[in-house]
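Visitor: Here the sequence shown stands for residues 97 to 191, numbered as in the working numbering. Backbone N, C-alpha and C fix where the C-beta goes; we use that ideal spot for every residue, glycine too. Being a predicted model, the structure only gives us computed values, none of them experimental.
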Amino acid sequence: QNHLSCPSVGIELHAERVEVARKKSDRQGLMSTSFVACDVRNPSDLAAQLQAGDLVVGLHTCGRLGGDIVAAVAERAPVPMSLLMVSCCLQGWPW
């Protein structure tokens, strides 16, 4: 089984989902993976989680969520980091 070779942090709004993810990660032995609860709809909260050199990956960044993630990365400027966004809903949910 392949493991992530670099530290990664999963960010989720719901604390109960974070706890489930932590338990699954522990069972898989993913020691370089951690999870935190964060409301990414507040760019300042997300920006506080970001560090230089991070690759920020946004999955299902529908509606306003995509803009909020871009704002969080921009708030950390000029700290160098990369951003990859993968939307899912063409109709866009109004998060």
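Which of the three DSSP states is assigned to L151 in this structure?
Guide: The residue labelled residue 151 in the question sits at position 55 within the sequence shown. Looking at L151 - three-state DSSP - the assignment turns out to be strand.
Visitor: Considering only the beta carbon of each residue, do S178 and T157 sit closer than 9 Å?
Guide: Taking the sequence shown and counting its residues from 1, the one referred to as residue 178 is at position 82. Taking the sequence shown and counting its residues from 1, the one referred to as residue 157 is at position 61. No, the pair does not count as a contact, with Cβ atoms beyond the cut-off.
Visitor: Over the uninterrupted alpha helix (DSSP H) stretch that includes S140, give me the two end residues.
Guide: Counted from its first residue, the sequence shown places residue 140 at position 44. The continuous alpha helix (DSSP H) containing S140 extends over residues P139 to A143.
Visitor: Report, in whole angstroms, the separation of the C-beta atoms of V169 and V152, which I expect to be a contact under 8 Å.
Guide: The residue given as residue 169 occupies position 73 in the sequence shown. The residue given as residue 152 occupies position 56 in the sequence shown. Rounded, the Cβ-Cβ distance is 6 Å, consistent with contact.
Visitor: Would you please state the rounded distance, in angstroms, between the beta carbons of V116 and V132? I believe it to be under 8 Å.
Guide: In the sequence shown, counting from the first residue as 1, residue 116 sits at position 20. In the sequence shown, counting from the first residue as 1, residue 132 sits at position 36. About 14 Å; that fails the 8 Å criterion.
Visitor: Given a cut-off of 9 Å on the beta-carbon distance, is the pair V175 and L142 in contact?
Guide: Your numbering for residue 175 matches position 79 in the sequence shown. Your numbering for residue 142 matches position 46 in the sequence shown. Taking 9 Å as the Cβ cut-off, V175 and L142 do not qualify as a contacting pair.
Visitor: Quick one: what does DSSP say V136 is sitting in, helix, strand or coil?
Guide: Sequence index remark: in the sequence shown, residue 136 carries index 40 (1-based). For V136, the three-state secondary structure derived from DSSP is coil.
Visitor: Taking the alpha-carbon of P139 as reference, which of Q124, L109 and P103 has the nearest alpha-carbon?
Guide: Taking the sequence shown and counting its residues from 1, the one referred to as residue 139 is at position 43. Selected option, being the one with the closest Cα: L109.
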